[in-house]
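Here's the structure we're looking at; comments come further down.
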Amino acid sequence: MSEFRSYRLDAPECRDSAGGVTLEGYAAVYGRYSQNLGGFVEVIEPGAFDDVLGRGSNIAGLLNHEPSRLLATTRSGTLRLTSDAVGLRYAIDLDETDPDGQSAAAKARRGTLRGSSFSFDVAPDGVEWAQTEQVGEAEQVFRCHDVVE
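Counting in the numbering used here, the sequence shown runs from 51 upward without gaps.
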């Protein structure tokens, strides 16, 4: 079963260029405590996405985790994911002829997109639980399904 995590950092940014409109932001951030997840919190460590990014998995950029609201995919090259010092960064080339692309661009321009999230599965041995303050640290994400607004 997939897990979902969301982050309220800086709002995703919409960038206009000669090539079109790109939505950029962070789907996950490293080294920050999650909200209370029912008696525990998590911390995603740097490197958690290295395997999935290295495998070339086809990851989707979805609006509100809805498969029917597909914005981009890594396989098509319209979604680019990178891991940097902050977290898992995405860049989505929006299709402004598509109603969902139009909606995402308009909301980003107005500043009503407040954060991002991602869905994932963790490998059975991919989480190391530390009893200190009930923190589970996601050492390695097994499979990232999608990043969304």
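Glycine residues also receive a C-beta, built at the ideal position from the N, C-alpha and C atoms.
Under DSSP, residue 109 takes part in no beta bridge, so it has no partner.
DSSP links residue 140 through a beta bridge to 75 and 131. Under DSSP, the beta-bridge partners assigned to residue 123 are 110. Here residue 94 is near residue 78, since their CB atoms are less than 9 Å apart. Per DSSP, reduced to three states, the secondary structure at residue 153 is helical.
The stretch 80-90 makes no contact with the stretch 106-114: fewer than 3 CB pairs, one atom from each, lie closer than 8 Å.
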